[in-house]
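Below is one structure, written out as structure tokens, with a few remarks after it.
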Amino acid sequence: MKNFVLPYGRMLMAGSSHLMALLVIPGVLAASSIASKAYAQSTSDEASSKLKTRGPAAMKRSDSMDERPSSKIRASRDTARTDSPAKPEDIMVTGISRREAMQKAPVTASVFTRQQLADARVQSVEDLIAMVPNMAISQGESVGTTFVTLRGISQVRNGQSPVAVVVDGVQQMNYRQFTQDLFNLDQIEVLEGPQGDLWGRNAIGGAIIINTKQPTNKHQVDLQGQYGNGGYRVGRISLRGPLVKDRLYYDLNADVRDFDGLLYNVYRDKTVDFQTEYSARGHIKAILTDDLVADFRAGIDEVRGGALNAWYQGTKLQPGTCNPSGSSYSSSTFSADHVYDTFCANNGGLNTRDIRDASFRLTYTQPWGRVTNTLGWMKLNEYFASDNSPYTAALDGTQSQWRTNTSWEDELRVTSSDRWKVKWMFGGYFLDERDFLSTTSATDTGQGIARVSTTPLFGYAPNPTNSFFANSDHNQDFALFGHLSYDILKNLTADFGFRYDWNDLSQYVSPDSTAGVPDGCSASDGATCKRERWFRQAQPKGTLSYRLTPQVTFYVDYGIGFRSGQFNQSGTAAAVGLPGAYDVVKPERANTVDVGFKTSWLHDKLRINGSFFDTRDHNSFFFLFNPSVNAQILVNIDQVHLTGGELSATYNPLPGLSFFANLGYTHSSITKYSYNPSAQGNAAPVVPEYTVFLGTQYEHKLFRGVNGFGRFDMTSTGKEYWDPENTTARTAFNLYNFQLGLTAPNKKWRFVGWVKNFTNKRYNSEYDSYGWSYAAEPRTYGGSFTVSF
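Oh and the sequence shown: position 607 is 607 in UniProt numbering, straight run, nothing missing.
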């Protein structure tokens with residue numbers, strides 16, 4: 001208990017120095033007039049009355065958990081939600097077994113509405129993470145490489161994400177999809193704690209549910225332009241409306257994002273963090289009958305940018321040059337707080353990523369419930385190459401990695417009506433994933449980096465291959481799941497969910513690999529190049545929720561989360577040559593108890609929610625790197641104990657004025673680590689001790705047709721270690737963000753100026769225990785203009 005309470009006290013004391021800043025913007029803006037006009041009253045009641053007049057067919061279609069097929073109903077809801085702020089009772093959680101009001105849903109959740117997402121300038125999942133308690137992200141070598149931590153369950157390089165990401169009912173199949181741009185956001189939910197009973201094998205830490213705006217009978221065009229420092233430029237367009245009234249709808253989106261960069265290579269006289277991205281998404285929605293709805297979606301995303309902008313802290317340069325001095329700094333001087341944001345590599349890093357995806361969803365609705373089948377497909381190619389350690393102007397060597405992934409999935413889900421006392425859901429899931437990965441190191445002759453994908457270039461004189469590890473993985477996941485919800489009393493509900501996953505993983509080792517090739521493996525005898533492993537896990541979850549009053553809800557749940565095991569690249573364990581490093585990484589299992597409460601006060605103007613969790617994590621993943629052979633390998637930390645909690649509050653004292661804050665705390669302790677028993681008792685790696693997010697915003701009428709808008713928020717991230725040995729920690733740091741702008745009362749247009757990281761805080765986004773550091777993005781600022789018609 002001491003470990004839980006004292007850090008909260010420290011966070012509150014640290015945050016108190018920022019409370020006056022919370023009052024500055026709203027105080028200045030509110031001083032012009034306290035008698036603000038209230039927002040226009042929501043027309044949701046009118047929408048309900050229209051629904052009733054449309055007859056039984058429309059009523060049947062509306063009785064669904066997360067599907068909204070009726071165009072006329074959706075159109076009236078869209079109008080209501082655009083013109084007025086969402087009321088607490090109108091915000092629904094859709095990522096659990098049934099739709100339920102946010103303040104009554106028995107799950108620790110952060111839910112962000114359409115307007116909240118627009119106010120916070122959220123355009124990708126990355127933008128959202130700082131707003132969620134106990135959630136953090138580190139960005140490293142490439143656009144597809146991000147490391148998410150939620151409640152102490154973390155992600156490592158070459159490992160799967162600890163959260164499931166579901167966009168409009170379609171689950172992302174690969175963690176490298178995580179950083180794609182998002183369009184037409186309607187709502188995002190972050191559910192904390194194991195969600196594997198509903199969302200499968202990698203929802204061990206939680207789930208992110210993303211719902212986008214649905215097209216209606218009203219044609220609409222949204223345009224947005226952005227410009228900022230570092231040559232930041234964005235152009236976006238969204239078109240949606242009817243093709244055939246009440247029956248067929250379209251939704252088309254595209255954007256171009258260009259960034260020249262802010263981090264500099266002094267030797268090459270170029271920026272290293274440049275990036276250009278092209279994205280497009282389309283959606284066709286067909287009301288085939290009063291009972292049957294079809295949704296077809298397709299998208300592309302192409303990125304080209306810098307890569308592996310790292311600095312090795314052991315590098316000692318000749319004064320005033322980018323040439324190594326011949327000696328190195330001692331590892332005792334390495335620190336996660338040493339920030340190197342200028343670079344000297346003679347080879348520039350390059351990263352390309354191409355994603356194509358499509359999905360087809362059928363929803364059949366009857367008075368008793370709904371049947372949904374979702375088919376998804378995705379193809380991904382990603383390549384990056386860069387100078388090798390120690391990243392100087394000398395001929396240090398080169399490195400590259402190539403990955404291609406083709407996956408498809410299908411899910412069948414049958415759900416009962418929400419009106420029944422006993423609510424149920426059951427279904428099945430299948431995933432087929434084919435992944436190829438090659439990792440190459442080569443001699444630097446000063447003639448650039450040769451692109452290596454499936455075949456090494458041992459004899460290529462300009463950039464001959466030194467080491468090559470390659471394998472093809474075929475992963476198939478089968479799952480059956482079900483859920484029961486029973487209203488024991490009017491205010492007491494019990495839920496039980498269960499899912500069982502069978503994961504069949506086979507790997508074909510390339511005979512061209514420089515190490516780890518099985519005996520007898522050759523191009524002519526592929527059978528001996530193959531290895532196979534099954535991973536199985538049950539994921540039960542039980543929840544009991546009690547509504548003391550309409551404004552107070554308590555809940556407690558217990559669940560088991562699962563992240564499948566995997567193969568390391570064949571031969572990397574032998575190349576590393578360390579005890580505890582194996583070719584097979586064991587599956588991870590987390591047992592979690594979660595206790596929480598949700599309360600509303602002052603006629604729903606004030607909401608205070610809190611939760612406490614206790615997790616026993618078995619076989620969590622940790623990443624190791626051996627630079628001498630460019631070997632990347634995962635090892636298991638046998639047991640980690642995680643305890644902590646979240647506390648969040650929102651207060652809306654006046655129309656247009658809001659305050660928001662959340663605190664997250666995680667105490668982590670390694671209780672068993674076979675690889676290095678001396679690390680037992682240390683903090684787990686890549687787990688911030690706490691997160692804080694607080695801020696305020698105010699919107700007020702300046703004159704007819706024009707409102708003023710101001711927003712301030714602060715994020716604080718606690719101390720974080722990067723290896724089980726706790727060699728060095730990145731100390732806590734704060735980031736301050738501001739927005740100021742003008743907007744139409746009906747949100748048809750908006751101009752906003754923004755600053756992120758106002759004080760230009762220098763810190764590392766990622767640090768490796770061997771001494772490699774990745775500098776985070778410095779201060780950025782700019783403006784955006786959005787118009788809808």
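The C-beta atom is built at its ideal place from N, Cα and C for all residues, glycine as well.
Going by CA-CA distance only, name the one from Tyr312, Ser325, Thr321, Asn323 that's closest to threonine 333. Locating residue 333 in the sequence shown gives position 333, where the first residue counts as 1. Per the C-alpha coordinates, the member of Tyr312, Ser325, Thr321, Asn323 positioned closest to threonine 333 is Tyr312.
Just list the residues that DSSP pairs glutamine 139 with in beta bridges. On the sequence shown, position 139 is the one that residue 139 refers to. Paired residues: Thr146.
Quick check on glycine 299: does DSSP put it in helix, strand or coil? For the purposes of this step, residue 299 is taken as the residue at position 299 of the sequence shown. DSSP places glycine 299 in strand when its eight states are reduced to three.
Can you tell me the Cβ-Cβ gap for residue 796 and arginine 730, rounded? I've got them flagged as a contact below 8 Å. Not covered by the structure: residue 796. The range shown for the chain is 1 to 789.
Taking contact to mean 3 or more Cβ pairs, one atom from each stretch, closer than 8 Å, check whether the segment 527 to 539 and the segment 494 to 513 are in contact. Yes, they touch.
Grab me the residues of leucine 412's own chain with a C-beta within less than 6 Å of its C-beta, minus the 5 sequence neighbours each way, in chain order. For this step, residue 412 is matched to residue 412 along the sequence shown. Cβ within range, chain order: Asn373, Gly427, Gly428.
What are the start and end residues of the beta strand (DSSP E) that includes tryptophan 311? One-based indexing of the sequence shown puts residue 311 at position 311. 310 to 312 is the span of the beta strand (DSSP E), which, as asked, contains tryptophan 311.
Mapping the DSSP letters down to three states, classify isoleucine 670 as helix, strand or coil. Within the sequence shown, numbered from 1, the residue matching residue 670 stands at position 670. Strand.
Cα-Cα separation, arginine 297 to tyrosine 249: The residue given as residue 297 occupies position 297 in the sequence shown. The residue given as residue 249 occupies position 249 in the sequence shown. Going by the C-alpha atoms only, they are around 12 Å apart.
Just to check, is the beta-carbon of serine 522 closer than 6 Å to a non-hydrogen atom of the ligand HEM? With respect to the ligand HEM, the structure shown offers nothing to examine, as it has no ligands at all.
Tell me where the beta strand (DSSP E) around glutamate 433 begins and ends. Stepping through the sequence shown from its first residue, residue 433 is reached at position 433. The continuous beta strand (DSSP E) containing glutamate 433 extends over residues 422 to 442.
What is the DSSP secondary structure of tryptophan 722, reduced to helix, strand or coil? Walking along the sequence shown from the start, residue 722 turns up at place 722. Tryptophan 722 falls in the coil class under three-state DSSP.
With DSSP as the reference, please indicate the residues paired to phenylalanine 496 in a beta bridge. Counting from one through the sequence shown, the residue named residue 496 turns up at place 496. Bridge partners of phenylalanine 496: Leu484, Gly542.
Would you mind reading off the limits of the beta strand (DSSP E) that contains glutamine 401? Against the sequence shown, residue 401 aligns to sequence position 401. Counting along the chain, the beta strand (DSSP E) containing glutamine 401 begins and ends at 398 to 416.
Would you mind giving the Cβ-Cβ distance between threonine 94 and asparagine 211, rounded to the nearest angstrom? I have them listed as a contact below 8 Å. To locate residue 94, count along the sequence shown from 1; it is residue 94. To locate residue 211, count along the sequence shown from 1; it is residue 211. The distance from the Cβ of threonine 94 to that of asparagine 211 is about 6 Å, consistent with a contact at the 8 Å cut-off.
Spatial distance of serine 335 from tyrosine 774 (CA atoms): Residue mapping note: residue 335 aligns to position 335 of the sequence shown, counting from 1. Residue mapping note: residue 774 aligns to position 774 of the sequence shown, counting from 1. Cα-Cα distance, rounded: 12 Å.
Residues sharing a beta bridge with methionine 714, DSSP: The sequence position of residue 714 within the sequence shown is 714, counting from 1. For methionine 714, which the question treats as bridged, DSSP gives the partners Leu694, Tyr736.
Do phenylalanine 178 and threonine 146 count as a contact pair if the criterion is CB distance below 7 Å? Stepping through the sequence shown from its first residue, residue 146 is reached at position 146. Stepping through the sequence shown from its first residue, residue 178 is reached at position 178. It is a contact, given that the beta carbons lie within the stated cut-off.
Proximal residues to lysine 421 (C-beta, below 6 Å), its chain only, five neighbours per side dropped: As a first step, residue 421 is located in the sequence shown; it is residue number 421 there, counting from the start. Correct list, in chain order: Asp487.
Closest Cα partner of leucine 386 within the set Arg356, His338, Gln447: Counted from its first residue, the sequence shown places residue 386 at position 386. The sequence given here places serine at residue 386; leucine does not occur at that position. Out of Arg356, His338, Gln447, the CA that lies nearest to the CA of serine 386 is found in Gln447.
Let me confirm a value: glutamine 697 is counted as buried when at least 16 other C-beta atoms fall within 10 Å, else exposed. Which label applies? As a first step, residue 697 is located in the sequence shown; it is residue number 697 there, counting from the start. Glutamine 697 sits buried, since 16 or more C-beta atoms from the chains shown fall within 10 Å of its C-beta.
Using the beta-carbon count (16 or more within 10 Å), is arginine 74 buried or exposed? Within the sequence shown, the letter at position 74 stands for residue 74. With a pLDDT of only 40 at arginine 74, under the threshold of 50, the placement of this residue in the model should not be trusted; the figure read from the coordinates follows. Arginine 74 should be labelled buried.
Drop a sphere of 10 angstroms on the beta-carbon of histidine 603, count the other beta-carbons inside from all chains shown, and report buried for 16 or more, exposed for fewer. Translated into the one-based positions of the sequence shown, residue 603 becomes position 603. Looking at its Cβ environment, which holds fewer than 16 other Cβ atoms inside 10 Å, histidine 603 is exposed.
Through-space distance from glycine 193 to arginine 81, alpha-carbon basis: Taking the sequence shown and counting its residues from 1, one reaches residue 81 at position 81. Taking the sequence shown and counting its residues from 1, one reaches residue 193 at position 193. Residue placement at arginine 81 is flagged as unreliable, the pLDDT there being 40, under the threshold of 50; the coordinate-derived value follows with that caveat. A direct Cα-to-Cα measurement between arginine 81 and glycine 193 gives close to 29 Å.
I need the boundaries of the beta strand (DSSP E) containing valine 244, first residue and last residue. Working through the sequence shown from its first residue, we reach residue 244 at position 244. Judged by DSSP secondary structure, valine 244 falls within the beta strand (DSSP E) whose first and last residues are 232 to 244.
Measure the alpha-carbon distance for phenylalanine 785 versus threonine 113 and round it to whole angstroms. The residue given as residue 785 occupies position 785 in the sequence shown. The residue given as residue 113 occupies position 113 in the sequence shown. If you take the alpha carbons of phenylalanine 785 and threonine 113, they lie about 20 Å apart.
Tell me, to the nearest whole angstrom, how far the beta carbon of isoleucine 204 is from that of glycine 561; I am working on the premise that it is less than 8 Å. In the sequence shown, the residue the question calls residue 204 occupies position 204. In the sequence shown, the residue the question calls residue 561 occupies position 561. Beta-carbon to beta-carbon, isoleucine 204 and glycine 561 are separated by about 3 Å, close enough to satisfy the 8 Å threshold.
The beta strand (DSSP E) that contains alanine 775, what's its start and end? As a working mapping, residue 775 is identified with position 775 in the sequence shown. Per DSSP, alanine 775 belongs to the beta strand (DSSP E) from 772 to 775.
Name the residue from Gly459, Phe430, Pro456 whose alpha carbon lies nearest to the alpha carbon of phenylalanine 478. Your numbering for residue 478 matches position 478 in the sequence shown. The candidate whose alpha carbon is nearest that of phenylalanine 478 is Phe430.
Could you tell me the alpha carbon to alpha carbon distance between leucine 606 and glycine 695, rounded to whole angstroms? Indexing the sequence shown from 1 puts residue 606 at position 606. Indexing the sequence shown from 1 puts residue 695 at position 695. So the alpha carbons of these two residues sit roughly 15 Å apart.
Residue range of the unbroken alpha helix (DSSP H) whose run includes glutamine 318: Residue mapping note: residue 318 aligns to position 318 of the sequence shown, counting from 1. If you look at glutamine 318, you'll find it isn't in any alpha helix (DSSP H); DSSP assigns it neither H nor E.
Check whether the Cβ atoms of isoleucine 208 and valine 165 lie closer than 7 Å to each other. Taking the sequence shown and counting its residues from 1, one reaches residue 208 at position 208. Taking the sequence shown and counting its residues from 1, one reaches residue 165 at position 165. Result yes, Cβ atoms of isoleucine 208 and valine 165 sit closer than 7 Å.
Unbroken alpha helix (DSSP H) run spanning threonine 129, endpoints: By one-based count along the sequence shown, residue 129 stands at place 129. Before going on, a small fix: residue 129 reads as isoleucine here, not threonine. Start and end: 125 to 129.
I'd like the ranges of any beta strand (DSSP E) spanning at least 3 consecutive residues and lying wholly in the segment 508 to 590. The segment 508 to 590 contains these whole beta strand (DSSP E) runs: 530 to 549, 552 to 563.
Neighbourhood of aspartate 519 by C-beta, 8 Å cutoff - its chain only, sequence neighbours within 5 removed: Start at 1 with the first residue of the sequence shown, and residue 519 comes out as number 519. Excluding residues within five positions, the ones whose Cβ falls inside 8 Å are Thr528.
At 4 residues or longer, what runs of the alpha helix (DSSP H) sit wholly inside the segment 164 to 235? Segments of the alpha helix (DSSP H) lying fully in the segment 164 to 235: 196 to 199.
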